[in-house]
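Below you'll find the structure, written out as structure tokens, and then a few comments.
Chains as they are written, first to last, in our numbering: chain A, 333 to 655; chain B, 29 to 428.
Here's what the structure looks like:
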């Protein structure tokens, strides 16, 4: 029974099947919201309301010619998309989305899993850099350098803000943090600064406008992905979608009280809360223009990092009062 | 570490073939080399084979955006050669279309600037409202892009009161929208952060490098052919030359939005004071031997046509100087010491139209850098020879 459960967990929900379906759905949702905010229709033709468009795009890309540049490091170039998918799918495994019993912790919920999750969510950035570096084109190289430069900007504020609810809850375990805030929902309110900062940092992590600098198409063509095509590009796109789901799942767990109530209710909570965060991400994407790389670093260290520290201070002071 | 990155001739930021060789130091541009000549049109030679009337439609096809400015520039030059004076109503209608074209061109440019800065929402909004002008143009002339409304001695179509009312109604909507864009373009923090202080061109540099149009006006040079050397009925139309003092891309955005407002005023004035009478007079088939230079303020800047006649029904020589060509030297100065991220914005800020500006092709050897000019037949022979050597691709297979 336990084995079956684990298999279900890995392959069906929240494993690969669910991830594929839900991340493509999230891409559709993001595209539709983005399009409506721009006074466009967005996807309309494939499936009802164009809901199958991301799947169709994925399949189309799979069928396209797959080119590996002659001068590229071929092994790395080929393996890196698979590695990226594996990283973000593993991150998804660690989210407490299904059947977590605090008395009998399963293998994927342990003390300190929030740190592991944050670490695994850093891997995609490294994957982007390695992908850019191994393809050896000028545009990719500039894109790769930009990926790493941006990492120094957003990563620290993201860590600080995500860890401050953990300090409040007094636990390094995602399931425990979520259940702490389910019992004391009012304590979610002081985290509002942290929530805003972490959503902005997630936007930067996902490299979406205004932080789509590493693949700014009008400046450096495809940036990181200039040399990628066909199946590998399809995997990269899927990877970004899954990263979006996992990232918004993390923020929903620590800032919005997780996904309580067993399988069905928990699933509904998961969909609603992640879609809410993805909606915020689409809003930011539609309302801003791309900023320069030096402006990103300035912005992160002048505003995001101090705000994150402020959030940490608020949490620590408040914890003294709550106790 | 210095390295050279080619922007173009194929690049998503540039829809037309031009090559900018950037010497970079990290993210900073140290040197720029602009290479022209990827696009040979053979248009000036073709003009010598066609009659005066046919050439109107040929010059219209120099550019897709400012098609009317080229055909008007040519037409008013030929009218001067032939001593034809178009009736007043014809002149008013001709420049009504000209101002509508300026509106559509500037709205298009605003969208492109938004897109180059990664602000796609701005792009979508401006292009949506550009449709209003496109619809008016279609109603007035019958076409969305090449209006074909000019003829020697006037215009080809008249407008009635219903059309007049419709245009005046749409102007209200466009005015409101343009004010909104000025508010966004000059206030939205992430957009302003990208365009303020970027691509500086001082007043002295702009004068020395002969910048034209909005590029010069954004550097505080009130230069506008409509004011300096009024053609058509511009001497009797009240309008102001929009300038900005910031000398950067922000200034170029502001100048264009201000010009939009001026254009709405001009359109309103033209429609309210539209004289009665015929729209065209008959023009002779031949022009006496003479030569003329025609100037016209296109949306992108000063457009110059030089026309020489030899007494036949065909021009002996037609020379077109599009505004983009005049702005290239200034672009090099603007790009130096900027960031990579600013390349598309700075280059787009001159509103480049490479297909307008290009005239001839020079072949450059990729290895030695030697340049040479060859005949078309020689080029064709070389291409055929090359493809004979390359074996057909046999292992191409359906990837699934």
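A virtual CB, placed ideally from N, CA and C, is assigned to each residue, including glycine.
Under DSSP, the beta strand (DSSP E) around residue i begins and ends at which residues?
i	result
residue 436 of chain B	No information on residue 436 of chain B is available, as it lies outside the stretch 29 to 428 that chain B covers here.
residue 59 of chain B	56-63
residue 329 of chain B	329-337
residue 348 of chain B	343-349
residue 113 of chain B	Premise fails: residue 113 of chain B is in no beta strand (DSSP E) and is neither H nor E.
residue 585 of chain A	Residue 585 of chain A -> not in any beta strand (DSSP E); alpha helix (DSSP H) instead, spanning 562-587.
residue 47 of chain B	47-53
Between which two residues does the alpha helix (DSSP H) carrying residue i extend?
i	result
residue 32 of chain B	No alpha helix (DSSP H) holds residue 32 of chain B; the beta strand (DSSP E) holding it covers 30-35.
residue 190 of chain B	189-215
residue 471 of chain B	As shown, chain B starts at 29 and ends at 428. That puts residue 471 of chain B outside it, with no answer to give.
residue 514 of chain A	506-515
residue 375 of chain A	It is not in any alpha helix (DSSP H) - residue 375 of chain A carries neither H nor E in the DSSP assignment.
residue 440 of chain A	Taken as a continuous stretch (DSSP letters only), residue 440 of chain A belongs to no alpha helix (DSSP H), as it is neither H nor E.
residue 602 of chain A	594-619
residue 497 of chain A	470-501
What did DSSP end up calling residue i once you bin it into helix, strand or coil?
i	result
residue 380 of chain B	coil
residue 681 of chain A	For residue 681 of chain A there is no data in the structure shown, the boundaries of chain A being 333 and 655.
residue 355 of chain B	helix
residue 367 of chain B	strand
residue 179 of chain B	strand
residue 624 of chain A	coil
residue 263 of chain B	helix
residue 400 of chain B	strand
residue 308 of chain B	strand
residue 174 of chain B	coil
residue 237 of chain B	coil
residue 98 of chain B	helix
residue 384 of chain A	coil
residue 547 of chain A	helix
residue 39 of chain B	strand
residue 66 of chain B	coil
residue 632 of chain A	helix
residue 78 of chain B	coil
Among the options, which residue has its Cα nearest to the Cα of residue i?
i	options	result
residue 251 of chain B	B:299, B:265 and B:270	B:270
residue 59 of chain B	B:168, B:218 and B:32	B:32
residue 647 of chain A	A:575, A:630, A:401 and A:522	A:522
residue 56 of chain B	B:366, B:386 and B:381	B:366
residue 621 of chain A	B:212, B:368 and B:301	B:212
residue 407 of chain B	B:68, B:142, B:172 and B:377	B:68
residue 288 of chain A	A:344, A:597 and A:409	This structure leaves residue 288 of chain A out entirely; chain A is present only between 333 and 655.
residue 97 of chain B	B:209, B:178 and B:158	B:178
residue 7 of chain B	B:89, B:93, B:124 and B:70	Chain B is shown only over 29 to 428; residue 7 of chain B falls outside these bounds and no answer can be derived.
residue 228 of chain B	B:364, B:183 and B:256	B:364
residue 400 of chain A	A:485, A:498, A:535 and A:564	A:564
residue 608 of chain A	A:531, A:352, A:513 and A:449	A:531
residue 630 of chain A	B:221, B:345 and B:274	B:221
residue 644 of chain A	A:578, A:515, A:488 and A:536	A:488
residue 224 of chain B	B:195, B:175, B:238 and B:282	B:282
residue 533 of chain A	A:338, A:397, A:453 and A:394	A:453
residue 626 of chain A	A:574, A:478 and A:335	A:478
Say whether chain E places a C-beta atom closer than 7 angstroms to the C-beta of residue i.
i	result
residue 284 of chain B	Checking the listed chains, one finds no chain E in this structure; the protein chains it contains are A and B.
### Message
Residues of the stretch 128-154 of chain B in Cβ contact with chain A at a cutoff of 9 angstroms, in chain order, please.
### Response
142, 143, 144, 145, 146, 147, 148, 149, 150, 151, 152 and 153
### Message
Quick test of the definition: if touching needs 3 or more C-beta pairs under 8 angstroms, does the stretch 101-111 of chain B touch the stretch 320-330 of chain B?
### Response
yes
### Task
Count the CB pairs spanning the stretch 118-135 of chain B and the stretch 288-305 of chain B that are closer than 8 angstroms, and state whether there are at least three.
yes
### Query
Can at least three beta-carbon pairs, one atom from the stretch 465-472 of chain A and one from the stretch 558-577 of chain A, be found at a separation below 8 angstroms?
yes
### Task
Count the CB pairs spanning the stretch 491-504 of chain A and the stretch 634-641 of chain A that are closer than 8 angstroms, and state whether there are at least three.
yes
### Query
Between the stretch 53-68 of chain B and chain A, which residues of the former have a C-beta closer than 7 angstroms to a C-beta of the latter?
55
### Task
With 8 angstroms as the limit, tell me which residues of the stretch 599-625 of chain A have their beta carbon closer than that to any beta carbon of chain B; keep them in chain order.
618, 619, 620, 621, 622, 623, 624 and 625
### Task
Could you list the residues in the stretch 532-557 of chain A with a C-beta less than 8 angstroms from some C-beta on chain B, going in chain order?
541, 542, 544, 545, 548, 549, 550, 551, 552 and 553
#### Entry: chain A contacts made by the stretch 357-385 of chain B, where a contact means CB separation under 9 angstroms
367, 368, 369, 370, 371, 372, 373 and 376
### Query
Would you call the stretch 542-558 of chain A and the stretch 470-487 of chain A in contact, with 3 or more CB pairs under 8 angstroms?
yes
#### Entry: At least three beta-carbon pairs within less than 8 angstroms, the stretch 526-545 of chain A to the stretch 572-588 of chain A
yes
### Query
Of the residues that make up the stretch 352-383 of chain A, which ones have a beta carbon closer than 8 angstroms to any beta carbon in chain B?
369, 370, 371 and 372
### the stretch 489-523 of chain A: positions lying closer than 7 angstroms to chain B by Cβ
none
### Message
For the structure I just gave you, are there three or more beta carbon pairs, one from the stretch 328-336 of chain B and one from the stretch 195-211 of chain B, closer than 8 angstroms?
### Response
no
#### Entry: Residues of the stretch 626-644 of chain A with Cβ closer than 8 angstroms to any Cβ of chain B, in chain order
626 and 627
### Task
Could you run through the stretch 217-234 of chain B and flag, in chain order, every residue whose CB is less than 7 angstroms away from some CB of chain A?
218, 219, 221 and 222
### chain B contacts made by the stretch 574-594 of chain A, where a contact means CB separation under 9 angstroms
none
### Message
With three or more C-beta pairs closer than 8 angstroms as the rule, is the stretch 143-153 of chain B touching the stretch 65-80 of chain B?
### Response
no
### Message
With a threshold of 8 angstroms, are at least 3 pairs of Cβ atoms found where one atom belongs to the stretch 539-549 of chain A and the other to the stretch 497-516 of chain A?
### Response
no
### Query
Is there contact between the stretch 591-600 of chain A and the stretch 414-425 of chain A, where contact requires at least three CB pairs shorter than 8 angstroms?
no
### Query
Below 8 angstroms, can you find three or more Cβ-Cβ pairs linking the stretch 277-288 of chain B to the stretch 372-380 of chain B?
yes
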